[in-house]
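Have a look at the structure below before the remarks.
Number of protein chains: 2
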Amino acid sequence: MFTFTPIGYVRSPYRQKFAIPRQPGLVPAARGEVVFTGEFADPNCLREIEQFSHLWLLFRFHETAARGWSPTVQPPRLGGKDRVGVFASRSTFRPNGIGLSAVTNLGWEHRDGELVLQVGGLDLLDGTPIIDIKPYLPYADSIAAATGGYAETAPGNAFAVTFSAAADEALAALAATYPDLRQLVTAVLEQDPRPAWRQRDPDDKQYGMSLYDLNIKWRVYPDGLEVVRIEPAGLED
Amino acid sequence: MFTFTPIGYVRSPYRQKFAIPRQPGLVPAARGEVVFTGEFADPNCLREIEQFSHLWLLFRFHETAARGWSPTVQPPRLGGKDRVGVFASRSTFRPNGIGLSAVTNLGWEHRDGELVLQVGGLDLLDGTPIIDIKPYLPYADSIAAATGGYAETAPGNAFAVTFSAAADEALAALAATYPDLRQLVTAVLEQDPRPAWRQRDPDDKQYGMSLYDLNIKWRVYPDGLEVVRIEPAGLED
Numbered sequence: 055m056f057t058f059t060p061i062g063y064v065r066s067p068y069r070q071k072f073a074i075p076r077q078p079g080l081v082p083a084a085r086g087e088v089v090f091t092g093e094f095a096d097p098n099c100l101r102e103i104e105q106f107s108h109l110w111l112l113f114r115f116h117e118t119a120a121r122g123w124s125p126t127v128q129p130p131r132l133g134g135k136d137r138v139g140v141f142a143s144r145s146t147f148r149p150n151g152i153g154l155s156a157v158t159n160l161g162w163e164h165r166d167g168e169l170v171l172q173v174g175g176l177d178l179l180d181g182t183p184i185i186d187i188k189p190y191l192p193y194a195d196s197i198a199a200a201t202g203g204y205a206e207t208a209p210g211n212a213f214a215v216t217f218s219a220a221a222d223e224a225l226a227a228l229a230a231t232y233p234d235l236r237q238l239v240t241a242v243l244e245q246d247p248r249p250a251w252r253q254r255d256p257d258d259k260q261y262g263m264s265l266y267d268l269n270i271k272w273r274v275y276p277d278g279l280e281v282v283r284i285e286p287a288g289l290e291d
Numbered sequence: 055m056f057t058f059t060p061i062g063y064v065r066s067p068y069r070q071k072f073a074i075p076r077q078p079g080l081v082p083a084a085r086g087e088v089v090f091t092g093e094f095a096d097p098n099c100l101r102e103i104e105q106f107s108h109l110w111l112l113f114r115f116h117e118t119a120a121r122g123w124s125p126t127v128q129p130p131r132l133g134g135k136d137r138v139g140v141f142a143s144r145s146t147f148r149p150n151g152i153g154l155s156a157v158t159n160l161g162w163e164h165r166d167g168e169l170v171l172q173v174g175g176l177d178l179l180d181g182t183p184i185i186d187i188k189p190y191l192p193y194a195d196s197i198a199a200a201t202g203g204y205a206e207t208a209p210g211n212a213f214a215v216t217f218s219a220a221a222d223e224a225l226a227a228l229a230a231t232y233p234d235l236r237q238l239v240t241a242v243l244e245q246d247p248r249p250a251w252r253q254r255d256p257d258d259k260q261y262g263m264s265l266y267d268l269n270i271k272w273r274v275y276p277d278g279l280e281v282v283r284i285e286p287a288g289l290e291d
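Chains as they are written, first to last, in the numbering used here: chain H, 55 to 291; chain W, 55 to 291.
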């Protein structure tokens, strides 16, 4: 057994697993940051990192790690029905609960006494502990000829996302705080974050998710999704 | 702090760090295997893994982990002179000591009561503890547009490798046990595994390294390397 100490944690718009895209890079508007802690909050550790356009984040699946693992899992890409081995999946329910995400490197800064590294295309929950950061080395890491089996291509066609008049007003009022919010909400919802078995099917429910400190409510129609309301968290139905 | 339990360990031709290529995939002839241990020696964990041509290995830098880390390191690619931040490098001397390698998936089998996964393009020391195996997902992991800074391209031109008559005889005698040995020795040595500061310079030393249970001895000349002898380990000068 080995012990690991987080080098920092993530600040992310994603406050619940439900809304998170299933792989990094699918939602480029999802910007976040790594906040370094303790002895790792040392800018020397980041010297020349600006040379690299992309970085690997190694992180702890902190929300699900306590729930353990099982030898087989049901990936969303197979409709949540067929089972594959845990080592043939990127499931969070895995031995040792470590995740791996390639993100874009948007630079680091000192801000309010903290050392923070900005990243894009993030797919991590707010608060996720970071174990390591490595430069993405195209000559070793980018394998164009690799075949990806049941996950060969990116998830299917985008679902059309529209905004109600009330949601449009809310976006306008929030523009100073969250300038990219429309883009982020669209990018998250056009992937239809509902459970795999009802992907692309309309139903009569109102769905909700948290992004930043906001609640986003939407409905699913035969021809797409409509964002009905965007409200500060705490104003629950 | 988190604790991690290895899921298995690596069997590799590389018995010392000196000979290991600096990134995976540089020496395709370097085949090895992951031997699963304990509850992870369960073929269900590998179900459908044959769908993926490449896999990520997450592993422990077990030989160097005890030596800790420092905020800056001197990458071989910069001649071992200039310093970069540890998170801008793939150095083994890093917080938490976890490595990441993409390898080719050559299939798994039960052999002599063990569950083993064969891999190619391996760059890990014999005995390396494996923490996780993940499928390589081209749509998320292969980022052709990424820029790699000081490590943009694969290491430089190959050094010419020749074999003495004695080395040729040894290869012939060992062909039944190690059919790819010439290819492996050539691929390892053409990268010139000497320290970065003397790369490509001739000198008058005889060098040695271990591969499998063999000692490989070579000399460096102005126009390339010559493998002088290949002997079973234990027959030291």
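No residue lacks a Cβ here, since even glycine has one placed at the ideal position from N, Cα and C.
So which residues on chain W does residue i lean against when the C-beta distance must stay under 7 angstroms?
i                 : result
His108 of chain H : Ile197, Ala200
Assuming residue i and residue j are in contact, meaning their beta carbons sit under 8 angstroms apart, how far apart are those beta carbons, in whole angstroms?
i                 : j                 : result
Val89 of chain H  : Tyr68 of chain H  : Contact flag wrong, Cβ pair sits at about 15 angstroms.
Arg148 of chain W : Val140 of chain W : 5 angstroms
Thr118 of chain W : Gly151 of chain W : 7 angstroms
Thr146 of chain W : Val138 of chain W : Rounded, the Cβ-Cβ distance is 14 angstroms, inconsistent with contact.
Phe113 of chain H : Ile184 of chain H : 5 angstroms
Ala214 of chain W : Asp277 of chain W : 6 angstroms
Glu102 of chain W : Ala205 of chain H : At roughly 11 angstroms, the Cβ-Cβ gap does not stay under 8 angstroms, so Glu102 of chain W and Ala205 of chain H are not in contact.
Compare the C-alpha of residue i against each of the options and name the closest.
i                 : options                                : result
Gly282 of chain H : H:Phe72, H:Gln260, H:Cys99, H:Thr57    : The question names Gly, yet the displayed sequence has Val at residue 282 of chain H. Taking only the C-alpha atoms, the option nearest Val282 of chain H is H:Gln260.
Leu160 of chain W : W:Leu228, W:Pro276, W:Leu111, W:Glu104 : W:Glu104
Leu176 of chain W : W:Glu280, W:Pro192, W:Pro75            : W:Pro75
Gly181 of chain W : W:Phe115, W:Ala84, W:Ile284, W:Gly278  : W:Phe115
Leu279 of chain H : H:Val157, H:Lys271, H:Pro286           : H:Lys271
Ala212 of chain H : H:Ala200, H:Leu228, H:Val239, H:Cys99  : H:Val239
Tyr266 of chain W : W:Ala205, W:Pro276, W:Thr231, W:Glu244 : W:Thr231
Trp110 of chain W : W:Ala227, W:Trp123, W:Leu154           : W:Leu154
Gly122 of chain H : W:Ala221, W:Thr59, W:Ala227, W:Ala199  : W:Thr59
Arg144 of chain H : W:Leu100, W:Glu168, W:Val173           : W:Leu100
Asp96 of chain H  : H:Val173, H:Trp162, H:Ala214           : H:Trp162
Phe72 of chain H  : H:Pro276, H:Leu243, H:Ala287, H:Asn98  : H:Leu243
Leu235 of chain H : H:Asp222, H:Asp136, H:Tyr275, H:Asp246 : H:Asp222
Gly134 of chain H : H:Tyr275, H:Tyr190, H:Arg248           : H:Arg248
Have a look at residue i and residue j and give me their C-alpha separation to the nearest angstrom.
i                 : j                 : result
Asp291 of chain W : Thr216 of chain W : Here the model assigns Asp291 of chain W a pLDDT of 48, short of 50, so the residue's position is not dependable and the matter cannot be decided.
Gly202 of chain W : Asp195 of chain H : 10 angstroms
Leu53 of chain W  : Glu285 of chain W : There is no way to answer for residue 53 of chain W, as the model of chain W reaches only from 55 to 291.
Ala198 of chain H : Ala220 of chain H : 44 angstroms
Thr57 of chain W  : Ala226 of chain H : 46 angstroms
Arg273 of chain W : His108 of chain H : 39 angstroms
Leu178 of chain W : Val170 of chain W : 16 angstroms
Asp186 of chain W : Met55 of chain W  : 18 angstroms
Ser218 of chain W : Ala224 of chain W : 10 angstroms
Asp257 of chain W : Ala200 of chain W : 38 angstroms
Gly264 of chain H : Ala120 of chain H : Residue identity check: residue 264 of chain H is Ser in the sequence provided, not Gly. For Ser264 of chain H and Ala120 of chain H, the distance between alpha carbons rounds to 23 angstroms.
Ala84 of chain W  : Ser66 of chain W  : 8 angstroms
Ala287 of chain H : Ile61 of chain H  : 30 angstroms
Gln245 of chain W : Pro233 of chain W : 21 angstroms
Thr91 of chain W  : Gly167 of chain H : 45 angstroms
Below 9 angstroms on C-beta distance, what does residue i contact in chain W?
i                 : result
Pro247 of chain H : Going along chain W, no residue has its Cβ under 9 angstroms from Pro247 of chain H, so there is no contact; the nearest lies around 17 angstroms.
Gln105 of chain H : Val138, Ala142, Thr201, Gly202, Gly203, Tyr204, Ala205, Glu206
Lys259 of chain H : Ordered by position in chain W, no residue passes the 9 angstroms Cβ test against Lys259 of chain H, which lies about 29 angstroms from the chain.
Leu154 of chain H : Trp110, Leu112, Leu154, Asp186, Lys188, Asp195
For a contact meaning CB atoms closer than 9 angstroms, what does residue i contact in chain H?
i                 : result
Arg114 of chain W : Phe56
If contact means a Cβ-Cβ distance below 7 angstroms, which residues of the stretch 87 to 103 of chain W contact chain H?
Phe94, Asp96, Asn98, Cys99, Leu100, Arg101, Glu102, Ile103
- Query: In the stretch 121 to 150 of chain W, which residues sit with their C-beta less than 8 angstroms from some C-beta in chain H, listed in chain order?
  - Reply: Pro125, Thr126, Arg137, Val138, Gly139, Val140, Phe141, Ala142, Ser143, Arg144, Arg148, Pro149, Asn150
- [ ] Taking only beta carbons into account, state which residues of the stretch 56 to 73 of chain H come closer than 9 angstroms to chain W, listed in chain order.
- [x] Phe56, Thr57, Phe58, Thr59, Pro60, Ile61
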